[in-house]
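In the working numbering, the protein residues as written are 43 to 145. Working notes, beginning with the structure itself.
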Amino acid sequence: LFIGYLFGVRSERQLVREIEVNVAYRWILRLKLTDKVFDASTLSQNRRRRYQDETIAQAIFDRIVDQAILAGLVDGTVLYTDSTHLKANANKGKYDLAMVAKS
Numbered sequence: 043l044f045i046g047y048l049f050g051v052r053s054e055r056q057l058v059r060e061i062e063v064n065v066a067y068r069w070i071l072r073l074k075l076t077d078k079v080f081d082a083s084t085l086s087q088n089r090r091r092r093y094q095d096e097t098i099a100q101a102i103f104d105r106i107v108d109q110a111i112l113a114g115l116v117d118g119t120v121l122y123t124d125s126t127h128l129k130a131n132a133n134k135g136k137y138d139l140a141m142v143a144k145s
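Set out below in structure tokens:
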């Protein structure tokens, strides 16, 4: 489930498909290439029954930050964020012609 949260995979079925083909996900889960990936309903049931506690993601994040502090990667005192909202230029049918000087 944590892989799904980290990489933005919202559906359990899609997550299972990703795990089936992504060697890195299999490595994280300690699955061999020949191991069968669990069923999507297993993830759904775990989410519903075992992980109802809403603080689990925060606890994992806190643990990662603690490890980063102990390793000297961050000091944990100041946090800067940039929350600027930019509209993506993602329309494939719209483009701007520009003359570029040859160098």
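By construction, the Cβ of each residue, glycine as well, lies at the ideal position given by its N, Cα and C atoms. No experiment lies behind these values; they were computed from the predicted model shown.
Beta carbon of residue i nearer than 8 Å to that of residue j
| i | j | result |
| --- | --- | --- |
| Tyr-47 | Ala-99 | yes |
Residue nearest to residue i in terms of C-alpha spacing, selected from the options
| i | options | result |
| --- | --- | --- |
| Val-79 | Arg-89, Glu-54, Thr-97 | Glu-54 |
| Leu-121 | Asn-133, Val-107, Leu-128, Thr-76 | Val-107 |
| Ser-83 | Lys-74, Arg-105, Val-58, Leu-139 | Val-58 |
| Val-116 | Val-51, Asp-104, Asp-81, Ser-125 | Asp-104 |
| Asp-81 | Asn-64, Trp-69, Gln-56 | Gln-56 |
First and last residue of the uninterrupted alpha helix (DSSP H) at residue i
| i | result |
| --- | --- |
| Asp-108 | 98-112 |
| Arg-66 | According to the sequence displayed, residue 66 carries Ala and not Arg. Taken as a continuous stretch (DSSP letters only), the alpha helix (DSSP H) holding Ala-66 covers 65-70. |
Three-state class that DSSP yields for residue i in the structure shown
| i | result |
| --- | --- |
| Phe-44 | helix |
| Arg-89 | helix |
| Thr-123 | coil |
| Ala-82 | helix |
Nonlocal neighbours in the same chain, by C-beta distance under 6 Å from residue i, ignoring five residues either side
| i | result |
| --- | --- |
| Gly-118 | Ile-111 |
| Ile-61 | Tyr-67, Val-79 |
| Ile-45 | Tyr-67 |
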